[in-house]
Each structure stands twice: as C-alpha cells, then as structure tokens.
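Read through the structure below, which is laid out as structure tokens, and then see the notes.
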Amino acid sequence: MRPPEELLYDSEASLRLVDHAIEELSSSGTDLDHDARAFLEHVMSQPGGFAELSRTLLRAYAETAGIASRLRESCGMADNGNLDRLQQMHGRLREVSSATETAATDILDGLGRTVDLIEQLDVATSLADADRHRMLASVRDELSGVMNHLQFQDITSQQLGHISSLLADMRGRINQIVTIFTNPEMPFVPDDLACGSFDPNATTAPSGDRQAVADEIFAIQAERKTA
Amino acid sequence: MKFLVVDDSVTMRRIIINALERIGYTDAVEAANGHEALGAFDESVGFIITDWNMPTMSGLEFARTVRATPFGQTIPILMVTTRGAREDIVAAVEAGVNNYILKPFTPSVLKDKIDRLLASVGAAA
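As structure tokens, this is what we get:
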C-alpha cells in the first residue's frame, strides 16, 4: 500500500498533465473538430468530468485497438495466397494467349496449303485420275487438320474457367476484408459464383507423354482382365 | 454402329463427329453433359465417347451410371479429356471406362482407339 501523500502527489501530477493536454487541445482551436472540443469542454465542466473523460479515452483506445486488429487481419487475408493466385492467373493468361496464337498460325498454314492444292488442281488440266484423287485427298486431310486445330478452343476455355474461379476467389477475399470494416459482427458468406466445370491443369501442349501413361495404365488393366 | 458423343464443348463434339465421319461412322447422337447423355442413351447406342469435365453430370459419373444399367455393362466407353494425372486415369478405369484419349488428340489416335475397342468387344462376344 502506497502512502497517501505519495498517491496525492501522483494524482496531482497526472491532473496537471491532463490539464496541460486540454490546454494544448484548446489552443489548437482550428485544427480540433468543433464537436470534439465542445464535448471536452462539456465533460470537464461536469462534476466527475475527469472520470468521464477517462472512460471516453478508454473507449477510444478499445476502438482504436479493434481497428488495428482488423487491419492486421485484413493484411493477413490480402497476403495469404493472393500473390500465388495472381501469378497463376498471369501464367494461365499467357498460356491461353500463346495457345490461341499457335492454333491461329497452324490453321492459317493449313488453309494456305489447301489454297495451294486447289490452285494446282485448277491449272492442271490433264491430271491423271490417280493424281487428282491424291490431291483431293490431300485437300481433305488439310481441311480435317484445320478442324482438329480448333481443339484449342475447348482447352483454352477450361483454362479461362480456371482463371475465372481464381478471380471469384479473390473477389470473395476482398469482400471479406470489406466486411471486416463495414460490419465486423456479420459472419462472412462466400460468393457463390459458378465458373463451370473445368480441368485446372488443362493444357494445349502435345499429349504424347500423358497419352503414354494412360495407355500403360489401360494396358495393365486389359492384362488383368485376360489373366 | 451408333455413337453417343458427350462433351460440353460444341467445338469438340463437332471435331469428334467429323473425325468419326472421316473413318466411316456416320451415325452419331450428341449430348452436352452426362444428364443429357443418359436421356439419349438406349440399346441402339453401340459406342460412347465422353469428356470428363462437364456441368450437371461429369463423364466419370455418367460412365458409372451407364455401367449400372442392364444394357450398359459391355458397351465400349472411350473417354476424351484433358485430365492426364495418373490418379485421374485410374479413377476412369475404376468407373468402367475402357480407354482414354488425352486432348489435344489427332484423328489417327481416335481411329486407333475405336478400332482396338471394337476388336476387343468383338473378341469377347
């Protein structure tokens, strides 16, 4: 237990500090919000005003601490995995762009060769039937190849579906951060954005190696059935 | 032989049906997902080509459902998909898929798989 004289001395010192702070606030006049200044003057003019001021300061401290905590929480959410998602989206978009360009080039090449074949057929008036059939078969093959290159549309559509799902996820996280500030009491409800059905690993790369794995697995299964 | 071609991409369905026509199979019905395919599936269908990733009902679920029907137990099912992970392929085997083609594919690979499957069905009959 501290001696009463010491307590009295400390209280007086504290009151002097508070009085000095209020003086400073009062002298900063134009900078201080009018309502806040009026509130302070009102509080201090009341009996027990100092205790009321202490409670107000404590409430202000609690609110500030709450905001700081929510800021920390939202920073964590913003950092957590979002960079990875952005990098994934960037990679996916580059892949889509490259696949589109490759397919367009292949289609143009195929059409160019088809046009050449048709021009040859057009000028060759005395072609033997066998040669004519061979050239027409080549035209058919080229056109079929052109159609086959259009598979890129399905694959890139799945890649875009993946990007769309990543964006939906990021939107959900941003909404979550906004909710922390606007209505911290409200539980977060994630967005229900349908992004369709897609394979997140869909690729337009040649399927040779992956096809070999599939063939091996199915060959093993066939052997088991016959055994 | 009637083919049932199931894919949510119209482009892919047209590519597959075009490839089928090029190798002599001109009778094909198409569906955009497993549910639609079940509606189109009956005893007249002799071969199923299905994608995996589709809305409403996936190709995997469709294959399982077909295998549970009385006339779907022996019908050849060929899956054409982008999913190349080993566990995916094993899951397809377990669902009753008979063979598997990875996208992007060439018409010659499609022809080879169809020929092999039809030959194995013929040998089993």
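Read top to bottom, the protein sequences are chains A and B.
Under numbering that gives the first Met the number 0, read the first sequence as residues 0 to 226, first letter to last.
Under numbering that gives the first Met the number 0, read the second sequence as residues 0 to 124, first letter to last.
All C-beta atoms in this analysis are idealised placements derived from N, C-alpha and C, irrespective of residue type, glycine included.
Bear in mind that the values here come from a model prediction, so they are computed numbers and not experimental data.
1) Taking only beta-carbon atoms, is A/G195 less than 8 Å away from chain B?
2) Is A/V212 close to chain B, meaning its C-beta is less than 8 Å from at least one C-beta of that chain?
3) Going straight from the alpha carbon of B/L77 to that of B/T68, what length do you get?
4) Considering only DSSP beta bridges, list what A/M134 is partnered with.
5) Give me the chain B residues within the contact set of A/I162, using Cβ-Cβ distance strictly less than 7 Å, ordered along the chain.
6) Using a Cβ cut-off of 8 Å (strictly closer), state whether B/V92 contacts chain A.
7) Please return the same chain residues whose Cβ sits closer than 7 Å to the Cβ of B/N72, not counting the five positions on each side in sequence.
8) Does A/T202 have its Cβ less than 8 Å from a Cβ in chain B?
9) Kindly list, in the order they appear in chain B, the residues whose Cβ is closer than 7 Å to that of A/R209.
10) Looking at chain A, which residues of the region 19-48 of chain B have a Cβ within less than 9 Å of any of its Cβ atoms?
11) Please look up how many angstroms separate the CB atoms of B/N97 and B/L116, rounded, as I've assumed it's under 8 Å.
12) Does the beta carbon of A/Q150 come closer than 8 Å to any beta carbon on chain B?
13) Within this structure, are the beta carbons of B/A36 and B/A30 separated by less than 8 Å?
14) Tell me the rounded alpha-carbon separation between A/N200 and B/E93.
15) Does the beta-carbon of A/L120, which I'm using as the reference point, lie nearer than 7 Å to any heavy atom of the ligand NAP?
16) Is the separation between the beta-carbon of A/L165 and that of A/Q87 shorter than 8 Å?
17) Output yes if chain A places a C-beta closer than 8 Å to the C-beta of B/F61; else output no.
Based on what the coordinates show:
1) yes
2) yes
3) 17 Å
4) DSSP lists no partner for A/M134.
5) Chain B residues near A/I162: none, gap ~15 Å exceeds 7 Å.
6) yes
7) The amino acid occupying residue 72 of chain B in the given sequence is Gln; Asn does not appear at that position. Hits under 7 Å: R66.
8) yes
9) G83 and L101
10) R21 and N32
11) 6 Å
12) yes
13) yes
14) 21 Å
15) In the structure shown, the ligand NAP is absent, as is every other ligand, since no ligand is present at all.
16) yes
17) no
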